[in-house]
Amino acid sequence: MMESADALAADLPRALEHRELVLHYQPKLHLATDRVREVEALLRWQHPKHGLLLPGAFLTGRIDGDVALVLGRWVVRAALDQCAAWVAEGADLGVCVNFSPRQFDDPALPMALDELLADAGLPPARLNLEITEVAAVVAMDRTAARVRELRRRGLHVTLDDFGTGFSSLTWLQQLPVTMRKLDQSFTTQLGKHSQTDAIVDSVVRLAHSLELEIIAEGVETAGQLTHLRRLEFDYAQGFHICRPVPAEHVLPYVRRPR
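Quick note: the sequence shown uses the working numbering, first residue 42, plus one each step.
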């Protein structure tokens, strides 16, 4: 019987110590070139009793604040080390890492990222930090200041779940992010409702007018991908393109002719 999320969360320090945590990676397809330029790092737990666990099984529990920060830094370090290995093999790839509000608000974050990038031998532009729209608006002034600081350091920042109802034009101006990721609830409705298509088209035009790139997540059909190309999205991500895969499967996918 599977333990509760709280019980699993409490066992995370042991999982870290015993190297049971792993990262899988989901490619992002650049639509203008049909090339993969970046992959998103996604946490998995190779549990000794329950097999491979997705984050929903253990990250929804109560995680000690210090453990959360240690876990977050482990993810960044592992993702950067793997990215460095791909670059050493000749791949022009960046890596995207999801950040919780606590991680993103950590005063030590900028210096920690400097150190992790230096250890991996990578320039800041190889790393993309992804934060959710909901997390960003909780403390907008502080979030905006942090985004500006990270951008000055040369890192990329993506706003996830864009369009879920919390955005405003004022916030768009305050958050100098690099990319916005359209929420998959819009992607699944493309081609089904003219109003949805009109809204998404407006979002793309707005992003481009602000010199931002825009990515659609949750792409599950060829029809959705066709609509995204027609609407001039910059990137697409989802099961139709590639499911999250272990690190050793990334380069064969990236180098596969399209």
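Every residue gets a Cβ at the ideal spot worked out from N, C-alpha and C, and that includes glycine.
Under the DSSP assignment, Ile240 falls in the alpha helix (DSSP H) whose first and last residues are 235-250.
Counting along the chain, Gly264 sits inside the alpha helix (DSSP H) bounded by residues 263-271.
In the three-state DSSP reduction, Ala153 falls in the helix class (H, G or I). Ranked by Cα distance from Asn139, the first of Glu190, Ile104, Val128, His197 is His197.
Counting along the chain, Val128 sits inside the alpha helix (DSSP H) bounded by residues 106-129. Annotation for Thr228: the continuous alpha helix (DSSP H) segment containing it runs 225-228. Beta-bridge pairing by DSSP links Gln87 to Leu93.
For Glu171, the three-state secondary structure derived from DSSP is strand. The C-beta separation of Gln225 from Gly259 comes to about 3 Å, placing the pair in contact by the 8 Å criterion. Remark: C-beta atoms of Ile256 and Gln230 do not approach each other more closely than 9 Å. Straight-line spacing of the CA atoms in Ile172 and Leu253 works out to 16 Å. Looking at the DSSP output, Thr199 bridges to Glu171, Met220. Arg183 sits away from Thr219, with the two beta carbons spaced by 9 Å or more.
Here Ile256 is bridged, per DSSP, to Lys222, Tyr276.
Restricting attention to Arg270, Leu57, Gln67, the CA atom closest to the CA of Tyr294 is found in Gln67. In terms of Cα proximity to Trp86, the closest of Ala48, Ala263, Ala56, Asp146 is Ala56. Secondary structure of Glu44 (DSSP, three-state): coil. Between the segment 125-134 and the segment 89-106 there are fewer than three inter-stretch CB-CB distances shorter than 8 Å, so the stretches are not counted as touching. The three-state secondary structure of Arg78, taken from DSSP, is strand.
With respect to the 9 Å criterion, Lys69 and Glu81 are classified as neighbours on the basis of their beta carbons. When the alpha-carbon of His281 is set against those of Gly264, Val291, Thr101, Pro151, the nearest one is in Gly264.
Burial state of Gly92 is exposed, judged by a 10 Å Cβ sphere holding fewer than 16 other Cβ atoms.
If you look at Pro142, you'll find it in the alpha helix (DSSP H) that goes 142-146.
Between the alpha carbons of Ala153 and Lys233 lies a distance of about 45 Å. Pro68 sits in a strand when the DSSP states are folded into three classes.
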